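Only one structure is covered here, and it is reproduced in the block below.
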Amino acid sequence: MAFEYAAAEQVSAAMRFELRETIAHWNRCLDAQDIPGMQELSASGLRIVYEGVSYEGADAAARFAAVHGSTDEVHRRTHVNHLQAWPDGERVRSRSFAMVAQVVPTTSPFGAGTPSVGWVGYTDDVFVFEEGRAVLASREFIRWGGDVLSGFPNVQEVAA
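Following UniProt numbering, the numbering of the sequence shown begins with 1 at its first residue and continues without gaps.
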């Protein structure tokens with residue numbers, strides 16, 4: 001994952017803080033299956049893409065949460081950090097590192113209640129402004145695959 005924009009091209013620190021707060025609250029709502037909360041933080045035409053599967057339309061948040069939110073069987077916590085954000089016309093685009101931690105209470109081959117990493121990658125988000133606040137218009141989850149270190153040419157691989 002590479003960031004294509006210099007620090008000088010980023011939106012203000014105050015705007016990045018607002019975006020981080022929106023993302024954190026949206027993720028909490030996803031983890032808790034709080035569909036009204038997700039919808040409140042999303043534009044009416046929300047589009048979510050997760051590993052090539054697209055969720056669009058008025059019920060996009062509900063359909064996505066039904067598959068990727070917490071359930072009675074799997075408790076998930078979605079974390080993002082290192083948000084970068086830049087203006088894109090009337091919108092703001094952002095990219096964040098992301099990880100989903102999960103606890104599988106009864107079916108884990110490692111033992112009941114064992115936490116594990118369910119997903120690692122980054123999110124590409126697009127925000128629009130409605131009534132003076134940033135809301136999520138588009139979110140794409142992009143899983144790290146292959147040799148993730150190849151994107152960091154100065155890092156030496158450590159022999160096992």
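A virtual CB, placed ideally from N, CA and C, is assigned to each residue, including glycine. Everything numeric in this text was worked out from a predicted model, so none of it was measured.
Open item on the list: Quick check on the DSSP output: the alpha helix (DSSP H) that includes G37 runs from which residue to which?
Closed with: 35 to 40
TODO: Report the rounded CA-to-CA distance for R77 versus A14, giving the unit in angstroms.
DONE: 25 angstroms
- [ ] Compute the Euclidean distance between the alpha carbons of G37 and V11, then round it to the nearest angstrom.
- [x] 25 angstroms
Open item on the list: Does V126 come out as helix, strand or coil in the three-state DSSP assignment?
Closed with: strand
- [ ] Measure the alpha-carbon distance for E51 versus E131 and round it to whole angstroms.
- [x] 31 angstroms
- [ ] Give the straight-line distance between the Cα atoms of H79 and H68, rounded to the nearest whole angstrom.
- [x] 13 angstroms
Open item on the list: Run through the DSSP bridge pairs and tell me what H75 is partnered with.
Closed with: V103
Task: Y122 to Q84 span [Cα, whole Å] - done: 11 angstroms
Task: For G89 and D34, the rounded distance between their alpha carbons - done: 31 angstroms
Open item on the list: Tell me the DSSP secondary structure of V11 in three-state form.
Closed with: coil
TODO: Could you pull out every residue in the same chain whose Cβ sits closer than 7 angstroms to the Cβ of E9, ignoring the five residues on either side in sequence?
DONE: W86
TODO: With a 10 Å radius around its C-beta and 16 neighbouring C-beta atoms as the bar for buried, classify F17 as buried or exposed.
DONE: exposed
- [ ] Determine the closest residue to D125 out of A101, V74, V117, A43, with distance taken between C-alpha atoms.
- [x] A43
TODO: Kindly indicate which residue of E21, R95, L19, D31 has the alpha-carbon position closest to the one of E73.
DONE: D31
Open item on the list: Could you give the first and the last residue of the continuous beta strand (DSSP E) run that contains A58?
Closed with: Careful: A58 lies outside any beta strand (DSSP E) and carries neither H nor E.
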